[in-house]
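What follows is a set of notes on a single structure, which appears directly below.
Protein chains: 2
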Amino acid sequence: MPTLKQIAKDLNISVSTVSRILNGKGKKSRISNATAETVLKYAEEVGYAPNLIAKGLQATQTFTLGLMVPNIANPFFAIMAKNIERWASREHYSIILVDSGEDVEKEKIQVKTMMGRKVDGLIVAPVGDAYQHFNKIRKQKIPLVFVDRYFSDSGIPYMTSENYKGAFNATSELIRNGHRRISLISGSPLNELVQERTKGYLDALKQANIEVAEELIVGTAFSVQNGFESTKCVLQLKKPPTAILAMNNLIGFGVLKAVKELGLTIPDAVSLIIFDDNPYLSLLNPTISTVRQNSEKIGELAVKAILTEIKKDFNITSMKIPTELIIRESVRYISS
Amino acid sequence: MPTLKQIAKDLNISVSTVSRILNGKGKKSRISNATAETVLKYAEEVGYAPNLIAKGLQATQTFTLGLMVPNIANPFFAIMAKNIERWASREHYSIILVDSGEDVEKEKIQVKTMMGRKVDGLIVAPVGDAYQHFNKIRKQKIPLVFVDRYFSDSGIPYMTSENYKGAFNATSELIRNGHRRISLISGSPLNELVQERTKGYLDALKQANIEVAEELIVGTAFSVQNGFESTKCVLQLKKPPTAILAMNNLIGFGVLKAVKELGLTIPDAVSLIIFDDNPYLSLLNPTISTVRQNSEKIGELAVKAILTEIKKDFNITSMKIPTELIIRESVRYISS
DNA sequence: TATGTTTGCGCAAACGTTTGTGCAAAATTA
DNA sequence: TAATTTTGCACAAACGTTTGCGCAAACATA
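Chains as they are written, first to last, in the UniProt record's numbering: chain A, 1 to 336; chain B, 1 to 336.
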């Protein structure tokens, strides 16, 4: 409610003087201690808080960061968001959150909104297979970084996991345990992230001289439902897989649900590794082996990169953050 | 990048005309179709997007809603946030997200920031035991609603679960199964939410003529660690409880972890009901009975209430959303 | 006393919008 | 043709900041 103008009026001095004092530029502008104190005291008294909207207009800097994720209810993104907010707020930045709901159209619309809101930077886990709508952002020199999913040929920097290695190691672990029919339940193949994980899976098979069985590579979405249905399909094949690699946590949950519903047990009927860890997975019986992603770190690095680009006009360099193969009890050794 | 001013200059007409046309007020202001079309076409061409900061300053309305939660990584709040964003974005509102991290000081600071950002409304799950810092918000007539946690004597409206009933029903279910030593593992007693759930627990005991055992009411925080440690304590009592009621999902997870680490099994060694459901709980062995809260609904109602207060200057009325007791396999019948 | 320097602060523009008001030109009417 | 109405648009203020510049008063120096 109280504005600079109001304070100035009440105290019978000019707006500029009040502004300078409240911004600690009193000395520099040779404002007398007497006036400074009066203003400071009065501002405190009426509880003055600067209008950040006006400030933003004036400074063409809003201390605002956009964050767009496909699904904030997915713990992977929620944890990332938490860390992003944490590091941003330390530097007095606020987060504008958008949940694109895996919907490219909403993503496109909200990109425009973000531009309209003049965010100082944008962190996005893009959905779909197109990134053209992000070009405007870059054209306007707004710092932008992808997290988790990315398009390397877009030239837009990204922070993601070592997807290839993670999938490769997980698959290798299954192979090491004697599995040769390993099903990959995948997300939408539109994104490079998926392609990389798939490649890791394929290369591990290749290295072990295992022929690829096309019917074992299934799935089209990062969703519980996809995991559920794909698992049912694949387990009812004439020659079902002896192991499954689930490409993310939602798919993994779907797998678990399907296996339970089919009355099967892990790892006797089928072995399982899930990409992306979850606390509950170490509570299950058996506990589930996973590829743990460091989503905290991804979030932290993303903000820090954005903030340094804002301050120093540095270019962000993409990074792949190591994953960790957590071996629990969901993989059975089988002799070939 | 392109502004009204720029467009006006390029087209050699005045800013006001451009503004009116782009806001669909061309007819009303008797702007000729010719000019209107030129402007519309040109605006499209250069990809004009209004500067919402400038708009916000002018209109003293930012189409922005603040959302403060104690922990966005907690699925309860994440799901709520998802729904809040969904309903808000449909009405062209953006969400400014703050994760207070259960820290009152951060909450206080961020309340100020929200005011500075001139949010049109504020949705908060408050932490701590004080609400005085929210009074400024109300004084400035900014619509405010609490979610989940609340202070009824503050006069600030809230959307929460039927906490009393939920706890009462859960406790009664345990009693119905023959339990008389039921431990309540609680969160910080500073909030009315906790008090209500505790009251539900106590009243259920009372109704069954069971004497309250003080040593069975433990815990001081909504955290995994608290659930974990409290469970260990309580299960090592000389006369341990035969059942546990965990006051939220994080505590519940801690309980499960502790029980597992102690090498005990549910429900043989101890029965369990958790306040707040989680998909994984129906995957565990045994599956865990819960009090399901409708966090989607809470979020939805909160935004809708805020939005109608913004538009119609209606006062929000507090609501308690029903919970559902989901009976699974974690409660054993014992004969007294 | 005249000149120069420092001190203390105000003026005004600018950021991008919206909107009430006013004014000229064109069209209509008498 | 003159008076009146309608059409089409521009001017300017306002929202709350920040900041370059300038001006007056006070003080110091010569």
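Every residue, glycine too, gets a C-beta built ideally from N, C-alpha and C. Because the structure is a prediction, the values reported are computed rather than measured.
Next on the checklist: Quick check: is the beta carbon of residue 352(B) nearer than 7 Å to any beta carbon in chain A?
Outcome noted: Examination of residue 352(B) is not possible in this model, given that chain B is present from 1 through 336 alone.
Checklist entry - Taking only beta-carbon atoms, is residue 368(A) less than 7 Å away from chain B? => result Shown here, chain A extends from 1 to 336; a query on residue 368(A) therefore has no answer.
Checklist entry - What are the boundary residues of the beta strand (DSSP E) that Asp99(A) is part of? => result 94 to 99
Next on the checklist: Short of 7 Å in beta carbon distance, which residues of its chain neighbour His179(B), apart from the five on each side in sequence? Order them along the chain.
Outcome noted: Thr242, Ala243, Ser271, Ile334
Item to check | Cα-Cα separation between Tyr201(B) and Leu4(A), rounded to whole angstroms | outcome: 53 Å
Checklist entry - Are any of the Cβ atoms in chain B nearer than 7 Å to that of Ser94(A)? => result yes
Checklist entry - Just to confirm, are Ile326(B) and Thr290(B) a CB contact at a threshold of 7 Å? => result yes
Checklist entry - Got a sec: is the Cβ-Cβ distance from Gln140(B) to anything in chain A below 7 Å? => result yes
Item to check | Residues that Phe253(B) contacts on chain A, provided the C-beta gap is smaller than 9 Å | outcome: Pro279, Tyr280, Leu283
Item to check | Any chain A beta carbon closer than 7 Å to Lys297(B) | outcome: no
Checklist entry - What residues of chain B sit near Lys260(A), judged by a beta carbon separation below 7 Å? => result Leu283
Item to check | Closest Cα partner of Tyr93(A) within the set Met115(A), Ile72(A), Ile109(A), Leu65(A) | outcome: Leu65(A)
Item to check | Expected contact under 8 Å - CB spacing of Glu162(A) and Lys320(A) to nearest Å | outcome: 5 Å
Checklist entry - Just to confirm, are Pro267(B) and Val331(B) a CB contact at a threshold of 7 Å? => result yes
Item to check | Element boundaries [alpha helix (DSSP H), containing Glu229(B)] | outcome: 224 to 235
Item to check | Enclosing alpha helix (DSSP H) for Glu309(A) [first to last residue] | outcome: 295 to 312
Checklist entry - Applying the criterion that 16 or more other CB atoms from any shown protein chain within 10 Å of the CB defines a buried residue, is residue 423(B) buried or exposed? => result For residue 423(B) there is no data in the structure shown, the boundaries of chain B being 1 and 336.
Item to check | Option nearest Asp148(B) by Cα separation, candidates Phe76(B), Arg20(B), Leu184(B), Phe134(B) | outcome: Phe76(B)
Next on the checklist: The alpha helix (DSSP H) that contains Gly200(B), what's its start and end?
Outcome noted: 192 to 207
Checklist entry - Name the chain A residues whose beta carbon is nearer than 7 Å to that of Ala204(B)? => result Going along chain A, no residue has its Cβ under 7 Å from Ala204(B), so there is no contact; the nearest lies around 28 Å.
Checklist entry - Whole-angstrom Cβ separation of Ala302(B) and Val145(B), contact assumed at under 8 Å? => result 5 Å
Next on the checklist: Suppose contacts are defined by Cβ-Cβ distances below 7 Å. Is Ile182(B) in contact with Ala208(B) by that definition?
Outcome noted: no
Item to check | DSSP three-state assignment for Val18(A), whether helix, strand or coil | outcome: helix
Checklist entry - Can you name the start and end residues of the beta strand (DSSP E) that Glu45(B) belongs to? => result Not the beta strand (DSSP E): Glu45(B) falls in the alpha helix (DSSP H), residues 33 to 46.
Next on the checklist: Please classify Ser152(B) as buried or exposed, where buried requires at least 16 other C-beta atoms within 10 Å of its C-beta.
Outcome noted: exposed
Checklist entry - Going along chain B in order, which residues have a C-beta closer than 8 Å to the C-beta of Tyr118(A)? => result The identity of residue 118(A) in the sequence shown is Lys, whereas the question assumes Tyr. Ordered by position in chain B, the residues that pass the 8 Å Cβ test against Lys118(A) are Asn51, Leu52, Ile53.
Checklist entry - Is Val145(A) helix, strand or coil by DSSP? => result strand
Next on the checklist: Would the region 102 to 118 of chain A count as touching the region 65 to 74 of chain A if we require 3 or more Cβ pairs under 8 Å?
Outcome noted: yes
Checklist entry - Taking all protein chains shown into account, do 16 or more other C-beta atoms lie within 10 angstroms of the C-beta of Asn248(A), making it buried, or fewer, making it exposed? => result buried
Item to check | Pair within 7 Å by beta-carbon distance, Gly166(A) and Thr323(A) | outcome: yes
Next on the checklist: Rounding to the nearest angstrom, what Cα-Cα distance links Ile185(A) and Leu205(A) in this structure?
Outcome noted: 15 Å
Checklist entry - Taking the C-alpha atoms as reference points, what is the distance between Ile306(B) and Gly56(B)? => result 18 Å
Checklist entry - Applying a beta-carbon distance threshold of less than 9 Å, which residues of chain A neighbour Val98(B)? => result Glu85, Ser89, Ser94, Ile95
Item to check | Span of the alpha helix (DSSP H), counted from its first residue to its last, around Gly116(A) | outcome: 104 to 116
Item to check | Per DSSP, the bridge partner or partners of Ile182(A) | outcome: Ala243(A)
Next on the checklist: Against Thr62(B), what residues of chain A qualify as contacts under a CB-to-CB distance less than 7 Å, listed in chain order?
Outcome noted: Ile53
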